[in-house]
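**Student:**
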Amino acid sequence: MNSPQTIRAARDNPFAVHRVEACGFRFPSGDWPSNLERLEEMGYRATILGSHGAGKTSLILELQERLETNGHSVLHVFVSRNAAERLVQCEAILSRSTKIIALVDGIERFNWWQRRNILRRVSAGLVVTVHRKWELPTWVHCQTSIPLLEELLQSLEISEQRLIQKAHKLFKLRKGNIREVFRDLFDTCAINPF
Amino acid sequence: MITISSEKNEYQPGEEIRGVVKWNGFESDRLEIRLIWFTEGKGTSDSHIFATRSVEKASPNGEAGFSFAAPHRPYSFSGKLISLTWTIEVLFYPGKNTERHDLVVAPTGAEVLLHGVGSAGNKLAK
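Same order as they appear, the protein sequences are chains B and G.
Add 125 to the 1-based position in the first sequence for our numbering, that's all there is to it.
Add 99 to the 1-based position in the second sequence for our numbering, that's all there is to it.
1. Could you tell me which chain G residues have their CB closer than 7 Å to the CB of residue 138 of chain B, listed as they occur along the chain?
2. Do you know offhand how far residue 106 of chain G's Cα is from residue 201 of chain G's?
3. Below 8 Å between beta carbons: does that hold for residue 211 of chain G and residue 185 of chain G?
4. When Cβ atoms are compared, which residues of the segment 174–191 of chain G fall closer than 8 Å to chain B?
5. Excluding the 5 residues flanking residue 201 of chain B on each side, which residues of the same chain have their C-beta closer than 6 Å to its C-beta?
6. Taking CB distances under 8 Å as the criterion, tell me whether residue 147 of chain B reaches chain G.
7. Given this structure, state the Cα-to-Cα distance separating residue 234 of chain B from residue 210 of chain B, to the nearest angstrom.
8. I'd like the span of the beta strand (DSSP E) that includes residue 266 of chain B, first residue to last.
9. Buried or exposed for residue 196 of chain B, please, with buried defined as at least 16 other CB atoms from any protein chain shown within 10 angstroms of its CB.
10. Checking the sheet assignment: what are the DSSP bridge partners for residue 136 of chain G?
11. What residues in the segment 284–315 of chain B have a beta carbon less than 8 Å from any beta carbon of chain G?
12. So who's on the other strand from residue 175 of chain B, going by DSSP bridges?
13. To the nearest angstrom, how far is the alpha carbon of residue 191 of chain B from that of residue 160 of chain B?
14. Is the shortest distance between the beta-carbon of residue 158 of chain G and the beta-carbons of chain B less than 8 Å?
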């Protein structure tokens with residue numbers, strides 16, 4: 126059981142990033158094998174759709190691991206906020222466009238021409254995260270909900286009722302952004318004696 | 100199965116970290132024994148490889164010794180926002196099977212606890 130009273134170090138905080146990541150992504154329907162099969166049927170050309178903090182990055186990171194384990198060559202790019210870095214990232218994707226499955230987290234940060242080039246030239250596979258529907262079909266629509274929040278809290282072994290109630294309040298306040306909810310709860314557990 | 104053992108788990112900077120890695124049932128071209136640090140807590144984890152020892156053409160069952168000088172910095176520490184841990188990590192190639200053995204590197208041999216963090220955070224030194 127994790128409760129705020131027993132926390133002494135960041136590594137022991139139940140909302141530490143490594144603990145949250147260990148929970149793994151929860152698909153809205155199906156499991157990893159069935160969803161991977163569907164992605165294969167889509168020719169590895171698809172989007173992961175969802176709002177901020179809905180699990181898109183968690184999913185794309187797990188997807189990278191699974192594809193590599195299955196013997197695919199994968200290039201994972203977390204698109205930079207810096208324009209010069211984005212140029213380099215775009216070139217890196219295009220230079221290996223026929224050999225790798227490109228996993229592009231945050232393709233909307235690329236400009237129109239860069240997105241167009243990536244879409245046209247990356248032929249071996251292109252899976253991207255987006256906040257709105259894009260030109261590729263949707264593989265997974267990441268959506269958060271109170272039941273999902275409760276499931277994750279259970280995985281994190283959170284049993285303190287006041288912490289669970291706070292999670293519910295934060296879920297509304299953060300408009301369903303679970304990443305932000307867990308960051309806030311990390312601070313709660315780190316700073317407040319509760 | 101992979102096991103990592105060291106003569107002790109707490110070291111002062113400059114001390115020699117010695118130990119043995121034993122494995123069985125691993126088909127591997129090569130294995131690496133690394134001394135690394137990593138952070139855990141709020142935000143993305145950071146890590147750094149301090150030293151590496153490679154073992155080429157490792158047989159499925161075997162053992163290999165390692166010896167590293169304990170680094171002078173950073174110390175093992177824990178605060179409310181970040182913990183930094185030193186560890187011996189073993190990686191088998193290909194396949195990426197790994198195992199870790201955490202250590203404490205600090206002048207007193209105990210993890211440095213930052214202001215406001217209680218003694219229960221010092222679990223590695225026990």
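Even for Gly, the Cβ is constructed at its ideal location relative to N, Cα and C.
**Tutor:** This is what the structure holds:
1. 140
2. 13 Å
3. no
4. 177, 178, 179, 180, 181, 182 and 184
5. 189 and 228
6. no
7. 11 Å
8. 263–267
9. exposed
10. G/147 and G/185
11. 308, 311, 312 and 315
12. B/267
13. 11 Å
14. no
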